[in-house]
Amino acid sequence: METSWIAEKRWRDRISRARELRQQHPAAEAALRLYEATLKFQTDVAVGSKTLVQPEISLREQINFSSATSAMAGILSLAIEYGPDALAVEARRLEHAGPESWVKLLESAVSADPSARSGAEDFFGRACLQPLAENLQTQLPKVANSIQATCPLCGGLPQMAVLRPEGEGASRFLLCSFCLGEWLYRRIACPWCGEEDKEKLPRYSAEECAHVHVEACDTCKRYLKAVDMTMDGLAVPLVDEAALAALDVWADDHGYAKVIRNLLGF
Amino acid sequence: MDLSRRAFLKTGVAGTVGLSVLGFDLQPLQAQSSSLKISRTTQTRSTCPYCSVSCGIIIHTIGDGAKNVTPQVVHVEGDPDHPINRGTLCPKGSSLLQDIVNERRLLKPQVRRPGSDHWEDIGWDQAIDEIATRTKTLRDADFIEKDAKGQTVNRWESMAFAGGCTDTNEFNYLVVKSMRAMGVTCLENQARV
Numbered sequence: 508m509e510t511s512w513i514a515e516k517r518w519r520d521r522i523s524r525a526r527e528l529r530q531q532h533p534a535a536e537a538a539l540r541l542y543e544a545t546l547k548f549q550t551d552v553a554v555g556s557k558t559l560v561q562p563e564i565s566l567r568e569q570i571n572f573s574s575a576t577s578a579m580a581g582i583l584s585l586a587i588e589y590g591p592d593a594l595a596v597e598a599r600r601l602e603h604a605g606p607e608s609w610v611k612l613l614e615s616a617v618s619a620d621p622s623a624r625s626g627a628e629d630f631f632g633r634a635c636l637q638p639l640a641e642n643l644q645t646q647l648p649k650v651a652n653s654i655q656a657t658c659p660l661c662g663g664l665p666q667m668a669v670l671r672p673e674g675e676g677a678s679r680f681l682l683c684s685f686c687l688g689e690w691l692y693r694r695i696a697c698p699w700c701g702e703e704d705k706e707k708l709p710r711y712s713a714e715e716c717a718h719v720h721v722e723a724c725d726t727c728k729r730y731l732k733a734v735d736m737t738m739d740g741l742a743v744p745l746v747d748e749a750a751l752a753a754l755d756v757w758a759d760d761h762g763y764a765k766v767i768r769n770l771l772g773f
Numbered sequence: 062m063d064l065s066r067r068a069f070l071k072t073g074v075a076g077t078v079g080l081s082v083l084g085f086d087l088q089p090l091q092a093q094s095s096s097l098k099i100s101r102t103t104q105t106r107s108t109c110p111y112c113s114v115s116c117g118i119i120i121h122t123i124g125d126g127a128k129n130v131t132p133q134v135v136h137v138e139g140d141p142d143h144p145i146n147r148g149t150l151c152p153k154g155s156s157l158l159q160d161i162v163n164e165r166r167l168l169k170p171q172v173r174r175p176g177s178d179h180w181e182d183i184g185w186d187q188a189i190d191e192i193a194t195r196t197k198t199l200r201d202a203d204f205i206e207k208d209a210k211g212q213t214v215n216r217w218e219s220m221a222f223a224g225g226c227t228d229t230n231e232f233n234y235l236v237v238k239s240m241r242a243m244g245v246t247c248l249e250n251q252a253r254v
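Sequences listed follow chains A and B, in order.
Going by our numbering, the final residue of the first sequence carries number 773, and the count climbs one at a time with no gaps.
Going by our numbering, the final residue of the second sequence carries number 254, and the count climbs one at a time with no gaps.
What follows is the structure, encoded as structure tokens:
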């Protein structure tokens with residue numbers, strides 16, 4: 508099992524990066540403020556959970572439901588304090604509905620695809636489950652798999668890509684929206700529809716934030732954002748992707764759509 | 062979770078009008094998005110031209126895909142998915158961008174005269190005339206029609222031609238035809254791919 512200080516450091520790095528990027532990206536300040544608070548909450552959930560993984564059972568079946576349900580009260584009150592009005596309203600509704608509805612929400616978040624629940628429910632569910640799923644995922648051997656568009660460890664959908672140095676180039680890893688694991692996926696190919704014609708796979712990047720770019724597919728009109736660690740080695744992929752929500756707005760304006768949003772709904 | 066490709070539904074960025082899915086005001090992000098200078102690049106897998114290892118590369122070209130506009134090469138990197146090199150490149154491969162786009166590229170012929178310490182510009186016509194004259198003079202002096210046994214060989218051994226590995230097939234065809242026609246036997250090209 509991962510020593511706890513490694514896991515804690517990983518979360519602390521995410522929190523520091525969120526704090527740093529709030530200054531650099533004022534347009535995303537509100538979202539990053541919520542995200543920073545959420546990351547602190549998720550750190551507590553991660554550090555407080557010490558479940559040993561059982562490799563022969565699927566990751567999702569091993570999620571500690573009682574830990575997730577106890578955590579739910581925390582994320583709801585956090586959303587009321589830091590979230591936008593619409594999210595706070597949903598949080599109050601769920602607080603009032605009580606733990607039985609939280610269990611149903613979490614069951615949906617673990618087993619169903621994201622279109623089965625609202626954006627707010629997706630946020631509450633993933634905020635509680637991601638740290639627990641990541642704790643399990645980090646105990647499993649890495650899978651090198653370049654043909655699968657869904658997470659080889661938990662079946663989750665990728666919410667973004669990370670480019671990591673590989674020789675004089677960069678390998679692309681997809682990052683799981685559920686367990687935050689990464690797996691290798693080949694460059695210049697659409698994970699959703701399999702398109703490999705380079706003319707249909709544009710990369711859009713902005714000078715102002717060159718280390719985060721949009722990788723789009725003109726065949727299926729879906730996209731992912733990618734954080735390029737070869738351009739900024741200090742980036743924290745989860746957080747940098749979230750901070751550049753302006754690129755999601757740009758992509759949306761140009762007819763592209765994500766398959767699964769990040770935790771902040773972008 | 063078993064997801065077929067058909068299940069990859071799309072989700073937009075807006076929840077209700079002007080607000081994101083979680084309810085954040087989209088206006089500041091819209092403003093930031095409008096101010097970004099976005100460029101569109103295409104990534105093309107290719108092969109390094111230099112040696113027989115034939116490492117994979119990815120060439121990034123910038124352009125909006127408009128017809129009759131030559132895309133500009135802006136970056137060349139090792140191809141991480143290529144089984145031969147897995148993204149690694151030697152110094153020659155790493156500097157391929159300079160091969161394609163380089164401010165210091167020679168744009169006109171130059172000559173350094175015997176004993177001189179500098180290069181001078183020379184016109185194309187004059188350069189071709191001087192090369193042709195020297196070629197003819199040297200070939201007239203050194204051409205071997207028959208060897209010591211009286212066999213017809215038609216060799217010219219005091220001339221060699223050195224090409225480069227980035228020379229194209231079309232150029233190399235002309236090299237072989239012209240040099241062999243003159244009797245040159247020493248041809249080197251460094252092409253290995």
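Where is the CB? At the ideal position from N, CA and C, for every residue including glycine.
This structure is a prediction, so every number in the text was calculated from the model and none was measured.
If you measure between the beta carbons of residue i and residue j, is that distance less than 7 Å?
i: alanine 188/B; j: proline 170/B; result: yes
i: aspartate 592/A; j: glycine 76/B; result: no
i: leucine 741/A; j: alanine 668/A; result: no
i: valine 130/B; j: valine 162/B; result: no
i: tryptophan 180/B; j: arginine 174/B; result: no
i: asparagine 642/A; j: alanine 534/A; result: no
i: isoleucine 767/A; j: glutamine 666/A; result: yes
i: threonine 726/A; j: lysine 705/A; result: no
i: tyrosine 542/A; j: alanine 749/A; result: yes
i: glycine 73/B; j: aspartate 551/A; result: no
i: histidine 121/B; j: threonine 102/B; result: yes
i: glutamate 568/A; j: serine 155/B; result: no
i: arginine 524/A; j: valine 746/A; result: yes
i: isoleucine 564/A; j: valine 617/A; result: no
i: leucine 80/B; j: glutamate 715/A; result: no
i: phenylalanine 222/B; j: leucine 199/B; result: no
i: proline 110/B; j: threonine 227/B; result: yes
i: glutamate 536/A; j: arginine 526/A; result: no
i: tryptophan 609/A; j: threonine 576/A; result: yes
i: isoleucine 522/A; j: lysine 547/A; result: yes
Report back the beta-carbon spacing between residue i and residue j to the nearest angstrom; my notes put them in contact at under 8 Å.
i: isoleucine 123/B; j: valine 137/B; result: Contact doesn't hold; Cβ gap of about 13 Å is too wide.
i: isoleucine 145/B; j: serine 115/B; result: 6 Å
i: threonine 545/A; j: leucine 585/A; result: 7 Å
i: glycine 224/B; j: asparagine 215/B; result: Going by Cβ atoms, the distance from glycine 224/B to asparagine 215/B rounds to 22 Å, so no, they are not a contact pair.
i: asparagine 82/B; j: glycine 772/A; result: What sits at residue 82/B in the sequence shown is valine, not asparagine. Their Cβ separation, rounded to whole angstroms, is 4 Å, which keeps valine 82/B and glycine 772/A in contact under 8 Å.
i: glutamate 673/A; j: glycine 148/B; result: 4 Å
i: glutamine 738/A; j: alanine 717/A; result: Note that residue 738/A is methionine in the sequence shown, not glutamine. Methionine 738/A to alanine 717/A, Cβ: 6 Å. Contact.
i: phenylalanine 204/B; j: glycine 139/B; result: Actually they are not in contact, since the Cβ atoms of phenylalanine 204/B and glycine 139/B sit about 47 Å apart, beyond 8 Å.
i: leucine 566/A; j: cysteine 661/A; result: 4 Å
i: arginine 671/A; j: methionine 579/A; result: Between methionine 579/A and arginine 671/A the Cβ distance is about 34 Å, and since that is not below 8 Å, they are no contact.
Counting only Cβ pairs nearer than 7 Å, list the residues of chain A close to residue i.
i: alanine 92/B; result: Ala534
i: threonine 198/B; result: Per Cβ cutoff of 7 Å: no residues; threonine 198/B is ~47 Å from chain A at best.
What does residue i touch in chain A if you count any residue whose Cβ is under 8 Å from its own?
i: aspartate 140/B; result: Gly676, Arg694
i: glutamine 104/B; result: Arg694, Ile695, Lys705, Leu708, Arg710
i: isoleucine 189/B; result: The premise fails here: isoleucine 189/B is roughly 40 Å from chain A at the closest Cβ pair, so nothing lies under 8 Å.
i: asparagine 146/B; result: Gly674
Using a Cβ cut-off of 7 Å, pull out every chain B residue sitting near residue i, in sequence order please.
i: valine 756/A; result: Val74, Leu87, Leu90, Gln91, Ser94
i: glycine 772/A; result: Ser81, Val82, Leu83
i: tyrosine 711/A; result: Ile99, Arg101
i: proline 591/A; result: Leu83, Gly84, Phe85
i: alanine 627/A; result: Leu83
i: leucine 594/A; result: Leu83, Gly84
i: alanine 752/A; result: Leu90
Which residues in chain A have a C-beta closer than 9 Å to the C-beta of residue i? List them in chain order.
i: threonine 149/B; result: Glu673, Gly674, Glu675, Gly676
i: serine 155/B; result: Glu675
Please compile the residues from chain B whose C-beta is within a distance smaller than 8 Å of the C-beta of residue i.
i: phenylalanine 630/A; result: Leu83
i: glutamate 689/A; result: Within 8 Å Cβ-Cβ: nothing; glutamate 689/A doesn't reach chain B, min ~14 Å.
i: aspartate 759/A; result: Gly73, Val74, Ala75
Should residue i be flagged as near chain E, meaning a C-beta pair shorter than 7 Å?
i: aspartate 747/A; result: In the structure shown, chain E cannot be found, because the protein chains are A and B.
Can you pull the chain B neighbours of residue i, defined as C-beta to C-beta under 9 Å?
i: glutamate 714/A; result: Leu97, Lys98, Ile99, Ser100
Counting pairs of beta carbons, one from the segment 706-721 of chain A and one from the segment 628-639 of chain A, are three or more of them closer than 8 Å?
-> no
Give, in chain order, every residue of the segment 72-84 of chain B whose Cβ lies closer than 8 Å to some Cβ of chain A.
-> Thr72, Gly73, Val74, Ala75, Gly76, Thr77, Leu80, Ser81, Val82, Leu83, Gly84
Inter-stretch contact (C-beta, 8 Å, three-pair minimum) for the segment 636-656 of chain A and the segment 684-696 of chain A | Yes: at least three Cβ pairs fall under 8 Å.
Using 8 Å as the Cβ pair cut-off and three pairs as the minimum, do the segment 689-697 of chain A and the segment 748-763 of chain A touch?
-> no
Could you say if the segment 595-604 of chain A and the segment 557-573 of chain A meet the contact criterion of at least three C-beta pairs nearer than 8 Å?
-> no
Members of the segment 112-125 of chain B that neighbour chain A once the beta carbon cut-off is set at 7 Å | Ile119
Of all the residues that make up the segment 517-550 of chain A, which are near chain B by a beta-carbon distance shorter than 9 Å?
-> His532, Pro533, Ala534, Ala535, Glu536, Ala537, Ala538, Leu541
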